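Sequence order for the protein chains is A and B.
Just so we're aligned, residue 1 is where the first sequence starts under the working numbering, counting upward by one.
Just so we're aligned, residue 247 is where the second sequence starts under the working numbering, counting upward by one.
All residues carry an ideal CB built from backbone N, CA and C; glycine is no exception.
No experiment lies behind these values; they were computed from the predicted model shown.
Everything below concerns the one structure shown next.
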Amino acid sequence: MLAVEIKNLHRFYGDFEALKGITFDIDEGEIFGLIGPNGSGKTTTLRIIATILKPSKGIVKVFGYDVVREADKVRELISYLPEEADLYKRLTGVENLLFFAKMYGETSDEVKEMVKFGIEISGLGNRVYDKVETYSKGMRRRLALARTLMVKPKLAILDEPTSGLDVYASVNVRNSIKKFVRETGSTVLLSSHNMLEVEYLCDRVAFISKGNIIAIGTPDELKKKYNASNLEEAFVRAVESELEET
Amino acid sequence: MNWRRLKNIIWKELLDLSRDKRTIFAAIIVPIIFYPTLGGLIGYMFKAQPAYIAIIDYDKGEYSEELKNTLLNYSKYFGNVNIFTNYTSELQVLENPNIDLTLIIPKGFTENITKSLNGVGIVYIKPNVVSSKASEALSLVEMAINALSNNIVRKRIKTAIPNVEPERFLNPIKKVVEYIGPGGRAASPEERFLFLTLMIFILGLYFSMHPAIAFVTDSVAGEKERKTLEALLVTPASRIEILGGKLIASLVLSGVAAGMNTLGVFLMYTFLFGGLLGVQIPIGGGLGLIGIYAIDVFLTVTVTVSIALLLSTVSGSVRSAHSNATALTTVLALVMFASIYGDLEKIASQTLPLLYLIPYTHSVLALVTFVKYENGFIYSVRHLLILAIYTLALITLGAKLFSGERILIAKVKRKGRKFKLKLFA
Ligand SMILES: Nc1ncnc2c1ncn2[C@@H]1O[C@H](COP(=O)(O)OP(=O)(O)OP(=O)(O)O)[C@@H](O)[C@H]1O
Ligand SMILES: [Mg+2]
Chain A
1 MLAVEIKNLH RFYGDFEALK GITFDIDEGE IFGLIGPNGS GKTTTLRIIA
51 TILKPSKGIV KVFGYDVVRE ADKVRELISY LPEEADLYKR LTGVENLLFF
101 AKMYGETSDE VKEMVKFGIE ISGLGNRVYD KVETYSKGMR RRLALARTLM
151 VKPKLAILDE PTSGLDVYAS VNVRNSIKKF VRETGSTVLL SSHNMLEVEY
201 LCDRVAFISK GNIIAIGTPD ELKKKYNASN LEEAFVRAVE SELEET
Chain B
247 MNWRRLKNII WKELLDLSRD KRTIFAAIIV PIIFYPTLGG LIGYMFKAQP
297 AYIAIIDYDK GEYSEELKNT LLNYSKYFGN VNIFTNYTSE LQVLENPNID
347 LTLIIPKGFT ENITKSLNGV GIVYIKPNVV SSKASEALSL VEMAINALSN
397 NIVRKRIKTA IPNVEPERFL NPIKKVVEYI GPGGRAASPE ERFLFLTLMI
447 FILGLYFSMH PAIAFVTDSV AGEKERKTLE ALLVTPASRI EILGGKLIAS
497 LVLSGVAAGM NTLGVFLMYT FLFGGLLGVQ IPIGGGLGLI GIYAIDVFLT
547 VTVTVSIALL LSTVSGSVRS AHSNATALTT VLALVMFASI YGDLEKIASQ
597 TLPLLYLIPY THSVLALVTF VKYENGFIYS VRHLLILAIY TLALITLGAK
647 LFSGERILIA KVKRKGRKFK LKLFA
């Protein structure tokens, strides 16, 4: 079954066309990376899949459910880490986790299980019992990621999961994501600027530039296609050849 | 509607609120301290500040003596009045800026009155315009002069027409004043203060609105500003659950705030009159009025919360949501202030039916009709129901407008449109 199915997706902000008819699929159980420069339309795409923005044109389905007509169904299956997510500052880390767990979990055992898992992913140790207002930026991002993954969604949508994190924390987060997918069989869709991260994490990657998908494939396929030694090089060549065409 | 999630949102809001010291202080502590203190202060200012009257007697005759004595006598019953009789010239009085009123009895005053039946005595009364006590002093002086005039008339009548009862000349008409309440029944003494009571209650209504506005704008627009909303919107919680949870949490706050407000206003009333008149007067209208007031405050706050909720869903930031909501509710609340100067019910029912569209008109009328009509309770409940209906309508509208689309990009869209208009203009 396809986790995500996007056909000819357009999105306008007023007169400005941020997405110019993109099409791609994500298989269940994949870690899929959406890569592109600033302003290329990554966040817009993720927000549409997450049901909070509407497509101007085109079809977007998550596990067969339409994101516009069946948004409620979609929201039961996904969880989302926004690009600029923050937490409730007057609440402690655990209270934040508990609040989100209760949105998904049906029974108190389920909720407890989620929170336990969340504390583990966050790696915050005893600090999870402190108020979030005492956390550093990186700690908050880790907690936000934990909050997103702990509910074991069928599809986790992560908008730049490692933004604002130091190298060490980034490595931790990447390992968490990988471990999470291995353990749960969930699908992950993430966006990033960090090619190293994407190469390490993703099964498949789509390059997006100015609202168009310009290439799609496994990291190895893309490197081969653009005759590049790493994904960064492949990306730069893809963008350049796109510029030449237009 | 999923109750588990709704409960969860209420729990989160209340937990957050319980740690928000500023809002708690504004909603709960302030009314209970502020109103009684205000009442006590007004009462104290009234009592503690005496009126000063200076009398300069150039006449030193029989009638100037009598006027002085009458004045001194009256001042004993008139609360806090000090009469100075030791001044000998106006210049001396000018040296004391605290004098609220100067009474000058010129030389020949007694003689002018007594020399013939047509004789007129003149006194000069000089109230100080910058004094808040001048009018009080003036009415005291006028009372004393009237009493003296009556005495003189009595004497003249006796001389001119000896076989007539002077009282009949002086008071050919006898006035009987009896205060009445709704339905014509005799009013109790404390009910004479009903108008003042209503004014204070209506003021209390106005002040009850603000903490709830602050809470709800922070709770809705704040989620956006603090970047917690986006993640929340993607959870399985529906828009109605999210807004409903926030609304119920603000109603809990409003309920507590309304209770504190009622108690505060009640205490203020007691203190005001305690301070003003030295007596504790029970509130005219009795417990019924307090009960209606409590419900009225709650519903007024509720309708305010739903207005603020609606504005918060379309505002970009807490600051703009808060200032928009405050501005709008303050304008609408002008009917409250207007009702202090006129009978809002008469105006609305006879000249300006448009006023019925303003929810706060019903807040005021719920109180006014309760005391005005014999079965005021029925009218009052009708106005309270209208307030409740307003609330429901506003919340439903708020939930409709509360879409991710509008919240995340509302601002930009509007700017774009304006920009376009400019280009085409
Ligand atoms: N609310 C909005 N109103 C108008 N234009 C918008 C809005 N949001 C995004 N855009 C525009 O749409 C384009 C795509 O934006 P988007 O946020 O999807 O980019 P992105 O790939 O996530 O960039 P970044 O790497 O900087 O996060 C940009 O040109 C941006 O200016
Ligand atoms: Mg982005």
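The region 171-208 of chain A is shown to contain whole alpha helix (DSSP H) runs of 4 or more residues at 195-201, in chain order. Any Cβ of chain B closer than 8 Å to the Cβ of isoleucine 214 (chain A) would place that residue at the interface, and such an atom is absent. For the region 308-354 of chain B, the full-length beta strand (DSSP E) segments reaching 3 residues or more read 327-330, 347-351 along the chain. Only Lys258, Leu261, Asp262, Arg265, Asp266 from the region 258-291 of chain B bring a Cβ to less than 7 Å from some Cβ of chain A. For the set A:Asp166, A:Leu189, A:Thr184, A:Ala215, the Cα lying nearest the Cα of isoleucine 48 (chain A) is the one of A:Leu189.
Collapsing the DSSP output to three states places aspartate 72 (chain A) in a helix. With a cut-off of 7 Å, the C-beta of serine 209 (chain A) is classified as distant from ligand 1, since no heavy atom of the ligand falls inside that distance. Proximity of chain A to glutamate 424 (chain B) at the Cβ level (cut-off 9 Å) is not reached, the minimal Cβ distance being about 60 Å.
The three-state reading of DSSP puts alanine 554 (chain B) in helix, counting H, G and I together. Annotation: leucine 451 (chain B) to alanine 571 (chain B) spans about 16 Å, alpha carbon to alpha carbon. Taking the Cα positions, isoleucine 403 (chain B) is about 17 Å away from asparagine 358 (chain B).
Asparagine 254 (chain B) carries a helical assignment under DSSP once its states are collapsed to helix, strand and coil. Residues of chain A with a Cβ closer than 8 Å to the Cβ of asparagine 254 (chain B) are, in chain order, Phe99, Lys102, Met103.
At a cut-off of 8 Å, the C-beta of glutamate 620 (chain B) has no neighbouring C-beta in chain A. A distance criterion of 7 Å places the beta-carbon of aspartate 159 (chain A) in contact range of ligand 2, judged by its closest non-hydrogen atom. In its chain, beyond the 5 residues on either side, Leu630 have a beta carbon closer than 7 Å to the beta carbon of isoleucine 541 (chain B). Proximity of chain A to leucine 479 (chain B) at the Cβ level (cut-off 7 Å) is accounted for by Ile52, in chain order. Listed in chain order, the non-local C-beta contacts of aspartate 203 (chain A) below 6 Å within the same chain comprise Glu30, Ile31, local neighbours out to five positions each way being set aside. In terms of beta-carbon proximity, isoleucine 78 (chain A) lines the interface with chain B, with at least one pair separated by less than 8 Å.
Serine 381 (chain B) has its alpha-carbon roughly 23 Å from the corresponding atom of serine 335 (chain B).
Less than 8 Å divides the Cβ of serine 552 (chain B) from the Cβ of leucine 640 (chain B).
Put simply, the backbone Cα of valine 94 (chain A) is about 10 Å away from that of phenylalanine 100 (chain A). Using a 10 angstroms sphere on the CB of phenylalanine 16 (chain A), the tally of other CB atoms stays under 16, which defines it as exposed.
The three-state secondary structure of tyrosine 65 (chain A), taken from DSSP, is strand. Spatial neighbours of serine 79 (chain A) in its own chain (CB-CB distance under 7 Å, excluding positions within 5 residues in sequence) are listed in chain order as Thr148, Val151, Pro153, Ala156. Per the C-alpha coordinates, the member of A:Lys210, A:Leu19, A:Leu34 positioned closest to lysine 54 (chain A) is A:Leu19. In the DSSP assignment, asparagine 409 (chain B) falls outside any alpha helix (DSSP H), carrying neither H nor E.
For serine 454 (chain B), the three-state secondary structure derived from DSSP is helix.
One alpha carbon belongs to methionine 1 (chain A), the other to asparagine 194 (chain A), and they sit about 29 Å apart. With respect to the 8 Å criterion, glycine 164 (chain A) and arginine 141 (chain A) are classified as neighbours on the basis of their beta carbons.
Think of a sphere of 8 Å around the beta carbon of serine 484 (chain B): the chain A residues whose beta carbon falls inside it are Asp72, in chain order. Counting along the chain, no alpha helix (DSSP H) covers asparagine 212 (chain A); the unbroken beta strand (DSSP E) around it starts and ends at 212-217.
Proline 82 (chain A) belongs to the set of residues whose beta carbon lies under 8 Å from a beta carbon in chain B. Serine 561 (chain B) sits buried, since 16 or more C-beta atoms from the chains shown fall within 10 Å of its C-beta.
Going by DSSP, arginine 237 (chain A) is part of the alpha helix (DSSP H) stretching over 231-245.
Within the region 73-111 of chain A, the runs of alpha helix (DSSP H) at least 4 residues long that lie entirely inside it are, in chain order, 93-104.
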